[in-house]
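Just below is one structure, and these are the notes that go with it.
Protein chains in written order, with the numbering used here: chain A, 1 to 115; chain B, 116 to 227.
Here it is in structure tokens:
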């Protein structure tokens, strides 16, 4: 089954404790992206990747890192989480075509709480 | 990227057609129109996208105005499961950056 998986689905942590949220897709997609969703602010893009070793900042990259060492994986790293990073995080992937990004497939989301 | 304007909310009755409007008066010739929706407690879900011609798929139809300054997502027969936030997004195919910007969308309520 074609899918995007994220782990963990729920995480409660404390300020300053490094964490990684994993994202994996099994569709051989070139494009992958991370979004955060907050009430009243909607979905905002954090980072995206056009292919292996190619990453770029989205609208809200501060406090986050990403890497794309393999095509299928795109982990999101919070080196020193802060309470303002409490949010619902979505990973997405897509193939590329004439329209640029084709249909994006989204993961189920990771709800992160930073105390 | 050119901006889109959508109504904050809409209501529909079950089993009736729904027309969700999107205005994009500053659209460029290379902007594709994408629609996504987000069901409660789920990640966004692709619905449809198009450039100039009307598009149909199993989920919906996309009607694009001749001047491309507006478009309409058509759900032919709304069900309770179609209650969601619908996002209309413009993406310039020339933008290598591929930054994908979601707006506030339209919250669709479907009444039984």
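Every residue, glycine too, gets a C-beta built ideally from N, C-alpha and C. The structure displayed is predicted, hence computed values, not measured ones.
Cβ of residue i within 8 angstroms of Cβ of residue j?
i: residue 52 (chain A); j: residue 71 (chain A); result: yes
i: residue 36 (chain A); j: residue 89 (chain A); result: yes
i: residue 205 (chain B); j: residue 119 (chain B); result: yes
i: residue 23 (chain A); j: residue 6 (chain A); result: yes
i: residue 47 (chain A); j: residue 31 (chain A); result: no
i: residue 176 (chain B); j: residue 203 (chain B); result: no
i: residue 188 (chain B); j: residue 197 (chain B); result: no
i: residue 164 (chain B); j: residue 92 (chain A); result: no
i: residue 124 (chain B); j: residue 193 (chain B); result: no
i: residue 63 (chain A); j: residue 33 (chain A); result: no
From residue i to residue j, what distance separates their C-alpha atoms?
i: residue 137 (chain B); j: residue 41 (chain A); result: 19 angstroms
i: residue 15 (chain A); j: residue 111 (chain A); result: 16 angstroms
i: residue 61 (chain A); j: residue 27 (chain A); result: 26 angstroms
i: residue 169 (chain B); j: residue 43 (chain A); result: 27 angstroms
i: residue 114 (chain A); j: residue 67 (chain A); result: 22 angstroms
i: residue 130 (chain B); j: residue 54 (chain A); result: 46 angstroms
i: residue 84 (chain A); j: residue 105 (chain A); result: 26 angstroms
i: residue 223 (chain B); j: residue 109 (chain A); result: 22 angstroms
i: residue 253 (chain B); j: residue 77 (chain A); result: Absent from the model: residue 253 (chain B). The displayed extent of chain B is 116 to 227, so no value can be given.
In chain order, what residues of the same chain lie with their CB nearer than 7 angstroms to the CB of residue i, ignoring the 5 residues before and after it?
i: residue 208 (chain B); result: 145, 147
i: residue 101 (chain A); result: 31, 94
i: residue 87 (chain A); result: 36, 37, 38, 112
Residues in its own chain within less than 8 angstroms of residue i by CB, not counting five upstream and five downstream?
i: residue 159 (chain B); result: 151, 152, 153, 202, 217
i: residue 97 (chain B); result: Chain B is shown from 116 up to 227; residue 97 (chain B) falls before or after that span and cannot be answered.
i: residue 173 (chain B); result: none
Which same chain residues end up closer than 6 angstroms to residue i when comparing Cβ atoms and leaving out the 5 residues on each side of it in sequence?
i: residue 79 (chain A); result: 18
i: residue 132 (chain B); result: 191
- Message: For a minimum of 3 consecutive residues, which ranges assigned as the beta strand (DSSP E) are wholly contained in the stretch 124 to 200 of chain B?
- Response: 124 to 128, 133 to 138, 146 to 153, 160 to 165, 176 to 179, 185 to 190
- Could you pull out every unbroken beta strand (DSSP E) segment of at least 3 residues lying fully inside the stretch 19 to 47 of chain A, listed in chain order? Those beta strand (DSSP E) runs which fall completely within the stretch 19 to 47 of chain A and span 3+ residues are 19 to 25, 31 to 38.
- Near-chain A residues of the stretch 163 to 196 of chain B (beta-carbon distance less than 8 angstroms), N- to C-terminal order: 164, 166
- Item | Residues within the stretch 73 to 95 of chain A neighbouring chain B, beta-carbon criterion of under 8 angstroms | 90, 92
- Residues in the stretch 196 to 208 of chain B having any Cβ partner in chain A nearer than 7 angstroms: 206, 208
- Message: Which residues of the stretch 132 to 158 of chain B have a Cβ closer than 7 angstroms to any Cβ of chain A? Give them in chain order.
- Response: 147, 158
- Message: Taking beta-carbon pairs under 8 angstroms, can you tell me which members of the stretch 13 to 37 of chain A lie near chain B?
- Response: 31, 33, 35
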